[in-house]
Amino acid sequence: MTKISRRMLSAKAEQFTESVIREMTRLALKHGAVNLSQGFPDFAAPEEIKESARRAIADDINQYAITWGAKP
């Protein structure tokens, strides 16, 4: 039996690059910076936010807003 030394990927998959979020996280760690690329809060969410999220889930409001924001 031969050992496969390299994973075989499609030509399209070979073109993928590091995501911007991963890159910013890596750079923040490298330079000891505050990581603003991902949300990792160190505090509990306010109860009204939790309740709002529960209502949205129950009402099947489960899609991202459009990229330029949603009207109030």
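The C-terminal residue of the sequence shown carries number 85 in my numbering, and the numbering is unbroken.
C-beta: ideal position from N, C-alpha, C; glycine also.
Would you kindly check if the distance between the Cβ of Q51 and the Cβ of I34 is under 8 Å? As a position in the sequence shown, residue 34 is number 21, starting the count at 1. As a position in the sequence shown, residue 51 is number 38, starting the count at 1. Result yes, Cβ atoms of I34 and Q51 sit closer than 8 Å.
Tell me the rounded alpha-carbon separation between I70 and Q76. Translated into the one-based positions of the sequence shown, residue 70 becomes position 57. Translated into the one-based positions of the sequence shown, residue 76 becomes position 63. Whole-angstrom Cα-Cα distance: 10 Å.
DSSP three-state call for S23: helix, strand or coil? Start at 1 with the first residue of the sequence shown, and residue 23 comes out as number 10. Here S23 sits in coil by DSSP.
As assigned by DSSP and simplified to three states, the class of S32: Walking along the sequence shown from the start, residue 32 turns up at place 19. If DSSP states are grouped into helix, strand and coil, S32 belongs with coil.
Alpha carbon to alpha carbon, what distance is there between F53 and A26? As a working note, residue 26 is residue 13 in the sequence shown. As a working note, residue 53 is residue 40 in the sequence shown. If you take the alpha carbons of A26 and F53, they lie about 29 Å apart.
Grab the span of the alpha helix (DSSP H) containing I70 for me, first residue to last. Position 57 of the sequence shown holds residue 70. Boundaries of the alpha helix (DSSP H) harbouring I70: E60 to A71, taken from the DSSP string.
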